[in-house]
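Each residue of the sequence shown is one higher than the one before, starting from 19 at the first, in the numbering used here. No residue lacks a Cβ here, since even glycine has one placed at the ideal position from N, Cα and C. Take a look at the structure below.
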Amino acid sequence: MRQRMESVLVIGPKKDHQNIVDVLYQEGTIHLQDAGLGQYPGLFNKMEMISLEDLTSVLMKINGIYQILPGIPDDIAEQDRIFEELRWKSTGDLVSIAESGINELETRTRELASRKSELDLNKTTLERYEKILDKIQPLENQLPLMEGFEVTVLLIQSEFKDVLALITPILKNITHNQFEFISADLDETTTAAITVFNKKYSEDVHSFLFSQNVNEIRIPKDYANMPLQDALNKISLKKIEIDQEMKDIDAELSALSSRYYQQLAVYRRLLEDRKEEVSAFSKFGESEHTILVKGWVPKKFIKKTKKALFQAFGDRVVLTVMDMSPDEFEEAPIFYDNPWWVRPFEFFTQLVTPPRYLEVDPSPVFAIFFPIFFGVIVGDIGYGICIMGFGLVMKRIFRDLAWMQQIMNILIISSIPTIFFGFLFGEFFGDFGEHMGWLQPLTFLGITWNRVEAMIPLLIVAIAIGVIHVFLGLGIGILNAFARRSKRHVFEKAGTIGVLSGILILICTLTGIVPAVVLIPAILVILISLPMVIYGGGVLGAIEIMSSIGNILSYARIMAIGMASVILAMVANQLGGAMDVVAVGVLIAILLHSLNVILAMFSPSIHSMRLHIVEFYSKFYEGGGVMYKPFGRN
């Protein structure tokens, strides 16, 4: 149900602007509007925004510390205690307190993080050299041991190892034949070459290799000029030292987290709130001595907001409710406060642009018809129980995901009519319940509602549901047109209902469902209603009548998709029963029914949603509204 919104002005002394903002923010009831330059020319100007530099700087430091410190569980009691101590501090005082509390911590955590990153890089480099040295160690015995000579390692993809034959003569020329060159395949993809040359040619050799785009591995000085096995042993010892130092750093970070984490959580929470407060100043108006806040407040929150301002400021700050015309209400934000069984279906209204303030909230209609469509399509007791169980389990697993809770609530609510129509159709995992003698399709209105045998009655029911749903949409369209004082739209929607009603009566007369005596009145209704449609919507309005007929026929999918579901369930039972081995038959039946349950959760949901958004919404929904977003602490 849409809540009535009131346009309000809050006026108070400029010297109290920070405290006024704090109170409004803590109450969290006002949807802010721009009250600056142009709104009240000559009286109020746009308020200058307070600098966010210091506040943002401290927040960035806190977020940086959060990235470094290991996370620990929130201590809600401790955080609440710290929060109560700080919540009423001014923004300036809060920034100062937070900054003094984190300066040393920020410096130390940055130092530890930098050192840990450096150690991690060193370890990665050592592991890379260790891998290379381990691979080329078998070539060590072929190397000459000479002082004053340098060793460099080349790694080349095996498919390009012919390049070694090309660079060898050039290296021989550069070093005046004072070098040794050995190569071997390290694995299927890599060939290693070790070059030993006189150090006085080092610069020329490295320059040449660089120019040829050869992957050259230079062994670090700490591990050069020693046997490769000694180098490998030294690398292993160094890695152990690095691991120990990294453990010490992690231990210190854990200790810092235990000491400061709860405090940091409160600092961040409060400062993010204050940042939003300060950012809102750009929407406020100011004069030399006065501050002006303009916005929308739900009518039921007006007394609460006035009381909070009076308790904080007495008569120095005033909240005034403005008189608004219907046209001005077009700009009001939308705030719904629906019953618990409707709220989950607000999820679907969030998939399109919000309705305008004066439009009827479609959520209750969604909450009534969506489960009915879903139930008629699935119509199976066993599937309904499975869907309900699935929804309950998923709600428990994903209790922190709001959107998942909404979707699962929709499935749980929709499973109830699914079970109800399952009794009507006599279905428990298809015809399994009927074969077991547990239940039979009910006979109602002279029809036995076995879906396989009662296809025509089910098709008529589906079309009848479509007529009711589309007519309801047109009726809501009339209400919206009245609210917006749009006479033409009232005529168009009412005329469309008249023409469609006349056509339906004509069809029923020609098929013998109703007496022929109503034929003439039906024609008269059409002749009277058609000019109303043309007056309200022009030629396009008349064309829209054909579209509405197509919309109604589209509801036949309720019968068709339900029929596909029950046939798949029957196939699962027949295949399972045809197996000679009972266990195999049961397994096949379970697998096929599981597939059908999954399809039953998705396909009916998609088609039910389509019938609402395409067929139903097109009769009244315009959208383009704004959702109510109160200025307040999350």
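Assigned secondary structure, residue i (DSSP; H/G/I helix, E/B strand, else coil)
i           : result
residue 531 : coil
residue 127 : helix
residue 307 : coil
residue 25  : strand
residue 77  : helix
residue 117 : helix
residue 193 : coil
residue 86  : helix
residue 60  : Bear in mind that a pLDDT of 49 at residue 60, under 50, signals an unreliable position, so the number given afterwards is only what the model happens to contain. The answer is coil: DSSP assigns residue 60 none of H, G, I, E or B.
residue 645 : strand
residue 234 : strand
residue 20  : strand
residue 351 : coil
residue 468 : coil
residue 356 : coil
residue 302 : coil
residue 416 : coil
residue 401 : helix
residue 370 : coil
residue 378 : coil
residue 179 : coil
residue 639 : coil
residue 206 : coil
residue 456 : coil
Paired residues, beta bridge with residue i - DSSP
i           : result
residue 211 : 172, 201
residue 49  : 314
residue 337 : 28
residue 461 : 466
residue 667 : Nothing in the structure corresponds to residue 667, since the chain is present only between 19 and 652.
Residue from the options with nearest C-alpha to residue i
i           : options            : result
residue 622 : 428, 546, 540      : 428
residue 103 : 92, 116, 91        : 116
residue 426 : 191, 221, 41, 620  : 620
residue 24  : 344, 302, 325      : 344
residue 390 : 466, 100, 627      : 627
residue 101 : 288, 111, 29, 155  : 288
residue 536 : 547, 522, 298, 568 : 522
residue 15  : 466, 637, 534      : Within the shown structure, residues of the chain are numbered from 19 to 652, placing residue 15 beyond reach of any answer.
residue 401 : 214, 45, 438       : 438
residue 639 : 612, 606, 371      : 371
residue 200 : 193, 191, 210, 533 : 210
residue 555 : 508, 597, 594      : 508
residue 89  : 273, 559, 386      : 273
residue 341 : 350, 563, 576      : 350
residue 72  : 463, 230, 292      : 292
residue 113 : 77, 148, 136       : 77
residue 357 : 386, 148, 141      : 386
residue 363 : 456, 560, 420, 558 : 420
residue 347 : 567, 600, 271, 377 : 377
residue 355 : 382, 335, 336, 374 : 382
Distance CB(residue i)-CB(residue j) smaller than 7 Å
i           : j           : result
residue 479 : residue 516 : no
residue 649 : residue 50  : yes
residue 653 : residue 178 : Residue 653 falls outside the range modelled here, since the chain spans only 19 to 652, and no answer is possible.
residue 143 : residue 83  : no
residue 485 : residue 26  : no
residue 446 : residue 399 : yes
residue 540 : residue 520 : yes
residue 85  : residue 280 : no
residue 550 : residue 448 : no
residue 469 : residue 584 : yes
residue 320 : residue 30  : no
residue 130 : residue 275 : no
residue 80  : residue 285 : yes
residue 170 : residue 213 : yes
residue 564 : residue 476 : no
residue 590 : residue 607 : yes
residue 255 : residue 208 : no
Buried versus exposed, by CB contacts within 10 Å (16 or more), residue i
i           : result
residue 22  : exposed
residue 55  : Any reading at residue 55 needs caution, since the residue's pLDDT is 48, under 50, leaving its predicted position unreliable; the model's value is listed next. Residue 55 comes out exposed.
residue 120 : buried
residue 510 : buried
residue 307 : exposed
residue 149 : exposed
residue 611 : buried
residue 47  : buried
residue 259 : exposed
residue 456 : exposed
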